[in-house]
Amino acid sequence: MDYAKENSIIEKMQPEFKDASFRVVKERRIEVKLPSERLYDFAVRMQKRWNFLHLSAISCVDWIEDGEFELVYHFWNYDEKVLVMAKIRIPREETSHFDTLSNLWQPAKFFERDIHEMFGIYFDGSEDMERYILTDWNGPPPMRKDFITREFALNFYKYREYEPQWLKDMMAAGEGNE
Amino acid sequence: MNVVLWIIFLPIIAFVIGTFLLGYSRKFTARVERRYGPPIQQVFYDIFKLMNKKTNISHGWMHDVAVLMLLGGTVLTLYFIPVPGFSYFAQYGDMLVIMYILLIPSLGMALGVGETANPNGSIGIARALTMLAAYDVPFVLTFIGMAMLNNTTSMYDLMVIQQAGGVATWGIVTNPLLAVAALIALHGMLGKKPFEVVVAPHEIATGPMVEMGGKYLGIMFIQHAIAEVVEMTIYINLFLGGALNWFEYILKLFVLWTVMLGVGMVFGRFRTDDAVRFMWKIPLPLAIIGVLLIIF
Amino acid sequence: MGEKMTQRSVWEKIAAKLSKRSLWMLHYCTGCGAIELPPTMTARFDMERFGIGHMVTPRQADILLITGYLSVKTLKRVVLTYEQMQSPKYVVGFGSCTINGGMYWNSYSTMKKLDQYIPVETYIAGCMPRPEAIIASFNALIDKIDRGEANSWKDYYKNYDFYKENQDRVFEGPIETYNDIKADAALFKI
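Okay, structure coming up:
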């Protein structure tokens, strides 16, 4: 297929970001991989120059074998109806740091608070990073891949004792789990 | 001696009639909605359960006094209205006294609910006092109209005149405009839909009753039952000829209650400013025209 | 949880017979089970003929219906709501998430066993129970009140330390309650 609209958008963005790699995934979806220090310039130009006014979401992926977090920023353009996904990678530490985007888009701070609670990434420069989802949480950030949910739940909470005869028969025959 | 017995038993009789009317209204509502309803004595079970609560949460002495002021004001109004067989105090009081005493329950409740510092309660009280201004103006004008028509301010004399003359001297027949205006104002005073802005269960969490539970709520329910009877008796004595025996009185209460219930069932609920605007747009001009017709 | 009353006075028997006919349910829907309440209240499976109506504030309600799962964030609010209700009060656990974790048994932030945190009167099994099951359980609760066995509200006052220890373990620290349970227990002689 001939992606004329998407290619024209890429040609607008390519000159200033020579070290980024652009790719048309399918119709009306563009993926950009950037080095992490160029993200703020990219976001400013998205909002002010190229008319991508809607920051739809910020999401995070935990690449545990590479030792990196990947942050994905989703920008929408209402006139051309095109989605651009900007992906950056930051090193994976106990508390990784990154810059906030909330002085360009106010609602970005909610996504950043969410990612801070779930993955442990601190966004510098944000006005408040308080927890709002897991308000009484004492443990490690739960969405990281080295946090085993089932083990935590079985150890932390008390369950009811329930040993009916049919379950004992099943487990003696080697079926079922605990 | 007779008077003392009446003083003790009249509130109890009014309470029993009131609870059966309220239970009847729940059954009627349920049947219109095509389901079986609770039994007719359901309100009595509710009040019993509320008085049977073991723990109480009080917000200070003003909160406790307010509920008693609510009940006391309504019972006091009951004594000044002529009911069949007992008009001892009614001969000494007149309509102006009744108009004053009718305001005591609302004021008592306003003082008490203000103590609880719950914003839902304060909104409910603001609405209650606004509605008071809305429905009282046409109602007072109808009082004045009937007083001027019959040259007396005593409700007892009005009742005697209407009973003596038969149906042709009833307030509805001699002055229908005033009767219609008073009926609409009575609808607002009783708090039936569409004027149910004070106790709006899902909007402001039952308004002034939001912090009352247990025994306080039980007393408020008792007051609600007696207040319904009191306000409808005022209307019956002014416009529907009063009553000299209990059978006629209960029959008139029943018919009036069914008419208002039927009208209230088909409506939703007004906003407060819509309710005030309606009360001042339709019953008030009718009452004014009725009074002017009497003067000229 | 619920001691059998061996000797009741005549007044208590009459009081139980009259007050079982009007129970008010708090319209507080925590989880997925809230969708089963409107059919129970409307014309097909009419709940009002047993005297059970719905009330909007905890101060006026008798039954607290925990419909579905409770995350730890909601559990704190439920505990505060439970303490604001006036006794005697009954908690009905609705659905299998209150019994043993249900569908979310391996989740890190939902509670698994409700009667560690507040005393529970009856449970309804199912995911979600149908309105017929809800009405059957309300009838069972009414029978239990009639026999005088529905006393789990007293358990909260007597064993408050047990419940408080479980609550504080799951929350971040001791929660600030606005009702002093021990003082109330001494005042009302429970």
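Chains as they are written, first to last, in the working numbering: chain A, 517 to 694; chain B, 1056 to 1351; chain C, 213 to 402.
Where is the CB? At the ideal position from N, CA and C, for every residue including glycine.
What you are looking at is a predicted structure, and each value in this text was computed from that prediction instead of being measured.
(1) From residue 474 of chain A to residue 282 of chain C, what distance separates their C-alpha atoms?
(2) Quick one: does residue 295 of chain C have its CB under 7 Å from some CB of chain A?
(3) If you run the structure through DSSP and keep just helix, strand and coil, what is residue 402 of chain C?
(4) What do you get for residue 1149 of chain B, buried or exposed, if any count of 16 or more other CB atoms within 10 angstroms of its CB means buried?
(5) Of the choices C:304, C:355 and C:344, whose alpha-carbon is the least far from that of residue 335 of chain C?
(6) Nearest chain B C-beta to residue 400 of chain C closer than 7 Å, yes or no?
(7) For the stretch 634-666 of chain A, enumerate the residues whose C-beta is nearer than 9 Å to any C-beta of chain C, in chain order.
(8) Does residue 1417 of chain B get closer than 7 Å to chain C when you measure Cβ to Cβ?
(9) Note down, in chain order, each residue of its chain lying with its Cβ closer than 6 Å to the Cβ of residue 1291 of chain B, except the 5 sequence neighbours on either side.
(10) If you compare alpha carbons, which of B:1178, B:1118 and B:1154 is closest to residue 1131 of chain B?
(11) Is it the case that the Cβ atoms of residue 1342 of chain B and residue 1193 of chain B are separated by a distance below 7 Å?
(12) Are the stretch 1084-1101 of chain B and the stretch 218-236 of chain C touching by the rule of at least three beta carbon pairs closer than 8 Å?
(13) Compute the minimum distance between the beta carbon of residue 646 of chain A and the heavy atoms of the ligand ATP, and state whether it is under 6 Å.
(14) Quick check on the DSSP output: the beta strand (DSSP E) that includes residue 603 of chain A runs from which residue to which?
(15) Mind checking if residue 219 of chain C is an interface residue toward chain B, Cβ cutoff 7 Å exclusive?
(16) Grouping DSSP H, G and I as helix and E and B as strand, with all else coil, what is residue 268 of chain C?
(17) Whole-angstrom Cβ separation of residue 519 of chain A and residue 540 of chain A, contact assumed at under 8 Å?
(18) What number of angstroms, rounded off, separates the C-alpha of residue 1275 of chain B from the C-alpha of residue 1122 of chain B?
(19) Taking 7 Å as the CB-CB cut-off, is residue 372 of chain C touching chain A?
(20) Below 7 Å between beta carbons: does that hold for residue 1179 of chain B and residue 1231 of chain B?
(21) Do residue 376 of chain C and residue 674 of chain A have their C-beta atoms within less than 7 Å of each other?
(22) Measure from the C-beta of residue 1333 of chain B to each C-beta in chain C and report whether the shortest distance is under 7 Å.
(23) Considering only the alpha carbon of each residue, which of C:372, C:344, C:228 and C:222 lies closest to residue 256 of chain C?
(24) Whose Cβ in chain A lies nearer than 9 Å to the Cβ of residue 284 of chain C?
(25) In chain order, what residues of the same chain have a beta carbon less than 8 Å from the beta carbon of residue 317 of chain C, not counting five sequence neighbours either side?
(26) Once the 5 residues before and after residue 356 of chain C are set aside, which same chain residues still bring their CB inside 7 Å of it?
(27) Looking at residue 269 of chain C: is its Cβ nearer than 7 Å to the Cβ of residue 1260 of chain B?
(28) State the DSSP-derived secondary structure class of residue 615 of chain A, mapped to helix, strand or coil.
(29) For residue 1081 of chain B and residue 1312 of chain B, I'd like the C-alpha separation in whole angstroms.
(30) Between which two residues does the alpha helix (DSSP H) containing residue 312 of chain C stretch?
(31) For a contact defined as C-beta to C-beta under 8 Å, what are the partners of residue 710 of chain A on chain C?
(32) Among the candidates B:1118, B:1287, B:1176 and B:1152, whose CA atom is the shortest distance from the CA of residue 1138 of chain B?
(33) What in chain C is Cβ-close to residue 1103 of chain B, meaning under 7 Å?
(34) Using C-beta distances below 6 Å, list every residue in its chain close to residue 299 of chain C, excluding the 5 sequence neighbours before and after it, in chain order.
(35) Taking 7 Å as the threshold (C-beta atoms), are residue 561 of chain A and residue 599 of chain A in contact?
(36) Closer than 8 Å by beta-carbon distance: list the chain B residues that pair up with residue 255 of chain C, in chain order.
Walking through what the data contain:
(1) Nothing about residue 474 of chain A can be reported from this structure: the residues present for chain A run from 517 to 694 only.
(2) Reading the third sequence from its first residue, position 83 is the one you call residue 295 of chain C. For residue 295 of chain C, the answer is no, since every Cβ of chain A falls outside 7 Å of its Cβ.
(3) As a working note, residue 402 of chain C is residue 190 in the third sequence. It is coil, neither helix nor strand.
(4) The residue you call residue 1149 of chain B lines up with position 94 of the second sequence. Counting Cβ neighbours within 10 Å, residue 1149 of chain B comes out buried, since at least 16 surround it.
(5) For the purposes of this step, residue 335 of chain C is identified with residue 123 of the third sequence, where counting begins at 1. Measuring from the Cα of residue 335 of chain C, the nearest candidate turns out to be C:304.
(6) Looking up residue 400 of chain C in the third sequence gives position 188. Yes, its Cβ sits closer than 7 Å to a Cβ of chain B.
(7) 649, 650, 651, 652, 653, 654, 655, 658, 663, 665 and 666
(8) Since the first residue of chain B shown is 1056 and the last is 1351, residue 1417 of chain B is not available in this structure.
(9) Your numbering for residue 1291 of chain B matches position 236 in the second sequence. Within the same chain, residue 1291 of chain B has close Cβ partners 1307.
(10) Walking along the second sequence from the start, residue 1131 of chain B turns up at place 76. Residue B:1154 is the option with its Cα nearest to residue 1131 of chain B.
(11) The residue given as residue 1342 of chain B occupies position 287 in the second sequence. The residue given as residue 1193 of chain B occupies position 138 in the second sequence. In contact: residue 1342 of chain B and residue 1193 of chain B (Cβ atoms closer than 7 Å).
(12) yes
(13) For the structure depicted, the ligand ATP is absent and the ligand set is empty, with no information on it obtainable.
(14) Here residue 603 of chain A refers to the residue found at position 87 when the first sequence is read from its first residue. Unbroken beta strand (DSSP E) run through residue 603 of chain A: 598-607.
(15) For the purposes of this step, residue 219 of chain C is identified with residue 7 of the third sequence, where counting begins at 1. So, not an interface residue.
(16) Position 56 of the third sequence, counted from the start, is the residue given in the question as residue 268 of chain C. Coil at residue 268 of chain C, not helix or strand.
(17) Locating residue 519 of chain A in the first sequence gives position 3, where the first residue counts as 1. Locating residue 540 of chain A in the first sequence gives position 24, where the first residue counts as 1. Indeed they touch by this definition, with Cβ atoms about 5 Å apart.
(18) Counting from one through the second sequence, the residue named residue 1275 of chain B turns up at place 220. Counting from one through the second sequence, the residue named residue 1122 of chain B turns up at place 67. For residue 1275 of chain B and residue 1122 of chain B, the distance between alpha carbons rounds to 7 Å.
(19) On the third sequence, position 160 is the one that residue 372 of chain C refers to. So no, residue 372 of chain C is outside the interface.
(20) The residue you call residue 1179 of chain B lines up with position 124 of the second sequence. The residue you call residue 1231 of chain B lines up with position 176 of the second sequence. Their beta carbons are not under 7 Å apart, which means residue 1179 of chain B does not touch residue 1231 of chain B by this criterion.
(21) Translated into positions along the third sequence, residue 376 of chain C becomes position 164. Translated into positions along the first sequence, residue 674 of chain A becomes position 158. No, Cβ-Cβ distance for residue 376 of chain C and residue 674 of chain A is not below 7 Å.
(22) Numbered from 1 along the second sequence, position 278 holds the residue referred to as residue 1333 of chain B. Closer than 7 Å: no.
(23) If you number the third sequence from 1, residue 256 of chain C lands on position 44. Answer by Cα proximity: C:344.
(24) As a working mapping, residue 284 of chain C is identified with position 72 in the third sequence. Ordered by position in chain A, the residues that pass the 9 Å Cβ test against residue 284 of chain C are 650, 651, 652 and 653.
(25) Sequence index remark: in the third sequence, residue 317 of chain C carries index 105 (1-based). Hits under 8 Å: 324.
(26) As a first step, residue 356 of chain C is located in the third sequence; it is residue number 144 there, counting from the start. Cβ neighbours of residue 356 of chain C beyond the five flanking positions: 362.
(27) For the purposes of this step, residue 269 of chain C is identified with residue 57 of the third sequence, where counting begins at 1. For the purposes of this step, residue 1260 of chain B is identified with residue 205 of the second sequence, where counting begins at 1. Closer than 7 Å, so yes.
(28) Position 99 of the first sequence, counted from the first residue, corresponds to residue 615 of chain A. The answer is strand: DSSP assigns residue 615 of chain A an E or B state.
(29) Start at 1 with the first residue of the second sequence, and residue 1081 of chain B comes out as number 26. Start at 1 with the first residue of the second sequence, and residue 1312 of chain B comes out as number 257. Each residue's Cα considered, the two are about 12 Å apart.
(30) By one-based count along the third sequence, residue 312 of chain C stands at place 100. Residue 312 of chain C -> alpha helix (DSSP H) spans 309-312.
(31) Missing from the structure shown is residue 710 of chain A; chain A here goes from 517 to 694 and no further.
(32) Working through the second sequence from its first residue, we reach residue 1138 of chain B at position 83. Considering only alpha carbons, the answer is B:1287.
(33) Residue mapping note: residue 1103 of chain B aligns to position 48 of the second sequence, counting from 1. Those are 230 and 231, listed as they occur along chain C.
(34) Translated into positions along the third sequence, residue 299 of chain C becomes position 87. Hits under 6 Å: 365.
(35) Residue mapping note: residue 599 of chain A aligns to position 83 of the first sequence, counting from 1. Residue mapping note: residue 561 of chain A aligns to position 45 of the first sequence, counting from 1. No. Outside cutoff.
(36) Position 43 of the third sequence, counted from the first residue, corresponds to residue 255 of chain C. In chain order: 1088, 1089 and 1090.
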